[in-house]
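Protein chains in written order, with the numbering used here: chain A, 3 to 303; chain B, 29 to 290. Every residue, glycine too, gets a C-beta built ideally from N, C-alpha and C. In this text, all values refer to a predicted model and were calculated from it rather than measured experimentally. Below is one structure; the comments refer to it alone.
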Ligand SMILES: Nc1ncnc2c1ncn2[C@@H]1O[C@H](COP(=O)(O)OP(=O)(O)O)[C@@H](O)[C@H]1O
Ligand SMILES: [Mg+2]
C-alpha cells in the first residue's frame, strides 16, 4: 500500500465533501432558525445545474457561462424569496409533519417540472472554467477540487463571522435559540427566517454550480442523493452547527472515497458501500449523541 | 380617557387547542401605576400577559395599549412602536449569548424607539449602577449566571428598551427572599423615576399587594375579583384561597423559597 495512493483518495474525497458542506450549511442554518427542515433545500443543486444548462448552454438560450452563473445566483434569491412567502411562512410550525410534507411536495414539483422540461434526461452542462490537473509529489489535484475547497472554507468561515460579529447575525442566533423571546425583544422573526432562507439558497446554488461543473451534468433527480448527504451531515454535526457541517461534510466525503480504496485493496466493489456510510454515521450518532457531535440544539453558529 | 390607560383588555380568550386557558378576561391597568394579577398555578396569568405582548394568539376579545387598539399587531411591533415589554417568568435571557450581547438586544430596541421619538433616560451606565454584577460578568455567557443574575439581566435589558408598559411575570419565582426584596426596590425606584406602567403577575400574593395599587384575581381563566390593593391585603377569603392552593400544589411557603441555581 502506498501513501500516495491513500492521499489521492483523500483528495478525491475532499472534492465531494466540499459539495456536501455547501448544501448542508444552508440547510442547517434554516433548520436552526426555523426549527423545521426544508426538505426541498437540496433541489437548489438541481436548479443550479439546469440554470447553467437552460441559460448558458448551446442547447438552451446560449447566454454563455458567466451570464448564466450570475442569473443562477440572482435566481436563487428570487426562488428562496418565493419559497418563503408562498410556502414556508404559511405553514403552522407546531405541525412538523405538515412542514415535512409541504416541502417534500415542493421538491417533487420542482424536480418533475424540470425533468419534463429536460425530457427526463440527464443533460451535459457547459464548464464554468477549463479544468487543469496539477501533479504534485505524484498526487493529482484538479483546479475544480481546489476551487470547491476554497469556496467551502471561505463560505463557512464567512458565515460564522457574519453570525458571530454582525447585528443581523446576532438576531439570527437569537431567533434560533428562542423564537418567542426573540419576538419579545422586538425582533421580526419572519424577516430573520427570510434572511436565513436567502443565505441558505445562495450558498446552495454555489454548491450546485460547482457540483454541476465537477460532474459536467445536470440530473433532474440529483437531490435524491444530495439530500441524503445533506441530512446526514447536518444531523451528525448537530442542527444549527455551521462549523460542524464543514468538519462532518469533509469527513463524509473522505470516508466515502476511502471506501472505494478499501474496495480496490480488498477486491470488492467499494462504491456499493459509499451511500451507506452517511446513513450508518447518522444512525450511530443519533443513538449516542442525539444533538449531534457539535450541536447544542437551539443554537446556530 | 385614553391618556390614563396603559393597558385595557376586553373579553380576552386564549386557547391552546382544546384547553381554554383564559376566558372573557377584562383588565384595566391605569397609567403610572402598578396593577397586580394574582392567582394560583395554571390560572391563566402567563397566558394573559403573553396575549397582551402578542406572543400567543388572541382567540377572542381585544387589547388596547395606551388607548389604541393593538389586538392584531405582531409582537415585535408592540415592542418597538408601543413600548410594551414583557419580562417572562422563565427563559427570559438568551443563554448562548454573553451578558453584553443580551443587553445589546435591549439597547437596539431602545435606539429604534428613540428614533420614533420615545425618549428615556435609562442607559447602560444606569443598568450597571443598579446591578454592578452585570458589569463584572459582561463577557460571560448567560448560561453561567446564577438565577438571580439572570433575573437582573432580564430586567436591565427590558429597561434599556425604553418601555412604557412593563408586563412582569413572577419576578420572585425561584429567588431568595432577600434578592426578591432587592429587585422589587429597584423596580419601584425605576417606575417612580420614569413614566412606566406595570402589569405584575405574582403568586406571592403578599409581595404583589404590597407593591400594587390595585389587583385582579384570576381563577381558572376568569377574573373573580378586582379591588384596590389596600382592601385585598386584609381579605381573609383571598388568604384562605392561596394558602389552600399552595398547600394543595405542595409548594413551599414563599418564606422558605430557596435559590435553586448554582
Ligand atoms: N403552550 C401551552 N400549550 C398548552 N397548554 C398551555 C400552554 N401554556 C399554558 N397552558 C395551559 O393553560 C393554562 C394556563 O396556564 P398559564 O397561563 O401558564 O397559567 P399561570 O401563569 O397562571 O400559571 C394551564 O392549564 C396550562 O396548562
Ligand atoms: Mg405563569
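Bounding residues of the beta strand (DSSP E) (the contiguous stretch that carries residue 252(B)) = Against the second chain, residue 252(B) aligns to sequence position 224. First-last of the beta strand (DSSP E) with residue 252(B): 250-256.
query = Quick one: which chain A residues come within Cβ less than 7 Å of residue 119(B)?
reply = Counting from one through the second chain, the residue named residue 119(B) turns up at place 91. Ordered by position in chain A, the residues that pass the 7 Å Cβ test against residue 119(B) are 180 and 183.
key: For ligand 1, residues whose Cβ lies under 6 Å from any non-hydrogen atom   = In chain order, the residues that have a beta carbon nearer than 6 Å to some heavy atom of ligand 1 are 44(B), 47(B), 49(B), 67(B), 69(B), 70(B), 71(B), 72(B), 73(B), 74(B) and 75(B).
query = Which class does residue 220(B) belong to by DSSP, given the choice of helix, strand or coil?
reply = Here residue 220(B) refers to the residue found at position 192 when the second chain is read from its first residue. If DSSP states are grouped into helix, strand and coil, residue 220(B) belongs with the helices.
task = Find out if the Cβ-Cβ distance for the pair residue 229(A), residue 297(A) is shorter than 8 Å.
result = For the purposes of this step, residue 229(A) is identified with residue 227 of the first chain, where counting begins at 1. For the purposes of this step, residue 297(A) is identified with residue 295 of the first chain, where counting begins at 1. Contact: no.
task = Might you give, ordered along the chain, the residues of its own chain that have their beta carbon closer than 8 Å to the beta carbon of residue 235(B), omitting 5 neighbours on each side?
result = For the purposes of this step, residue 235(B) is taken as residue 207 along the second chain, with counting starting at 1. The residues are 200, 208, 212 and 282.
message = What would DSSP say about residue 171(B), mapped onto helix, strand or coil?
response = The residue labelled residue 171(B) in the question sits at position 143 within the second chain. DSSP places residue 171(B) in helix when its eight states are reduced to three.
query = Leaving out five residues before and five after residue 224(A) in sequence, what residues of the same chain have Cβ atoms less than 6 Å from its Cβ?
reply = Working through the first chain from its first residue, we reach residue 224(A) at position 222. Once the five neighbours on either side are set aside, the close Cβ partners of residue 224(A) are 47 and 48.
task = For residue 163(B), verify whether its CB is less than 7 Å away from any heavy atom of ligand 2.
result = If you number the second chain from 1, residue 163(B) lands on position 135. No, the beta carbon of residue 163(B) sits no closer than 7 Å to any heavy atom of ligand 2.
Interface flag, residue 134(B) vs chain A, CB-CB below 8 Å = Reading the second chain from its first residue, position 106 is the one you call residue 134(B). At least one CB of chain A lies nearer than 8 Å to the CB of residue 134(B).
Cβ distance (whole Å) where residue 53(B) is taken to contact residue 251(B) below 8 Å = For this step, residue 53(B) is matched to residue 25 along the second chain. For this step, residue 251(B) is matched to residue 223 along the second chain. That belief holds up - the Cβ atoms of residue 53(B) and residue 251(B) are roughly 6 Å apart, short of 8 Å.
query = How do the stretch 50-58 of chain A and the stretch 208-223 of chain A stand: do at least 3 beta-carbon pairs fall below 8 Å, yes or no?
reply = Touching, yes.
request  = Please list the residues of the stretch 81-95 of chain A that have a C-beta atom closer than 9 Å to any C-beta atom in chain B, keeping them in chain order.
outcome  = Among the residues of the stretch 81-95 of chain A, none has a Cβ less than 9 Å away from any Cβ of chain B.
key: Spatial distance of residue 280(A) from residue 248(A) (CA atoms)   = Taking the first chain and counting its residues from 1, the one referred to as residue 280(A) is at position 278. Taking the first chain and counting its residues from 1, the one referred to as residue 248(A) is at position 246. Between residue 280(A) and residue 248(A), the C-alpha separation is close to 15 Å.
key: residue 127(B) and residue 155(B) closer than 8 Å at C-beta   = As a first step, residue 127(B) is located in the second chain; it is residue number 99 there, counting from the start. As a first step, residue 155(B) is located in the second chain; it is residue number 127 there, counting from the start. No, they are not a contact pair.
ask   = Straight-line CA distance for residue 226(A) to residue 287(A)?
value = As a working note, residue 226(A) is residue 224 in the first chain. As a working note, residue 287(A) is residue 285 in the first chain. The alpha-carbon atoms of residue 226(A) and residue 287(A) are separated by roughly 22 Å.
Residue(s) in a DSSP beta bridge with residue 97(A) = Mapped onto the first chain, residue 97(A) falls at position 95. Residue 97(A) has no beta-bridge partner at all, per DSSP.
query = Does any residue of chain A bring its CB to less than 8 Å from the CB of residue 42(B)?
reply = For this step, residue 42(B) is matched to residue 14 along the second chain. Residue-level contact check: residue 42(B) does not touch chain A, since none of the beta carbons of chain A fall below 8 Å from its beta carbon.
message = Quick check: residue 229(B) and residue 189(B), are their CB atoms within less than 8 Å of each other?
response = As a position in the second chain, residue 229(B) is number 201, starting the count at 1. As a position in the second chain, residue 189(B) is number 161, starting the count at 1. In this structure, the beta-carbon distance from residue 229(B) to residue 189(B) does not fall below 8 Å.
request  = Answer with buried or exposed for residue 225(B), where buried requires no fewer than 16 other C-beta atoms within 10 angstroms of its C-beta.
outcome  = Counting from 1 along the second chain, the entry for residue 225(B) is found at position 197. Result: buried.
task = Note down, in chain order, each residue of its chain lying with its Cβ closer than 8 Å to the Cβ of residue 270(A), except the 5 sequence neighbours on either side.
result = If you number the first chain from 1, residue 270(A) lands on position 268. Leaving aside the five residues that flank residue 270(A) on each side, none in its chain has a CB nearer than 8 Å to its CB.
task = To the nearest angstrom, report how far apart residue 130(A) and residue 142(A) are at their CA atoms.
result = By one-based count along the first chain, residue 130(A) stands at place 128. By one-based count along the first chain, residue 142(A) stands at place 140. If I take the Cα positions, the gap works out to 20 Å.
task = Just the chain B side, please: which residues come within less than 7 Å of residue 99(A) by C-beta, in chain order?
result = Counting from one through the first chain, the residue named residue 99(A) turns up at place 97. None at all; the shortest Cβ gap to chain B is about 16 Å.
query = So which of 77(B), 187(B), 147(B) and 116(B) has the shortest CA-CA distance to residue 49(B)?
reply = Position 21 of the second chain, counted from the first residue, corresponds to residue 49(B). It is 77(B) whose Cα lies nearest to the Cα of residue 49(B).
task = List the DSSP bridge partners of residue 218(A).
result = Reading the first chain from its first residue, position 216 is the one you call residue 218(A). For residue 218(A), which the question treats as bridged, DSSP gives no partner whatsoever.
ask   = Which residues, in order along the stretch 186-198 of chain A, keep a beta-carbon less than 7 Å from a beta-carbon of chain B?
value = Within the stretch 186-198 of chain A, the residues whose Cβ lies closer than 7 Å to some Cβ of chain B are 186, 187, 188, 189 and 190, listed in chain order.
message = Given 7 Å as the limit, tell me if residue 232(B) has its C-beta closer than that to any heavy atom belonging to ligand 3.
response = Of the ligands this structure carries, namely ligand 1 and ligand 2, none is ligand 3.
key: Cβ contact (3+ pairs, closer than 8 Å) linking the stretch 90-108 of chain B and the stretch 115-135 of chain A   = Segments in contact, no.
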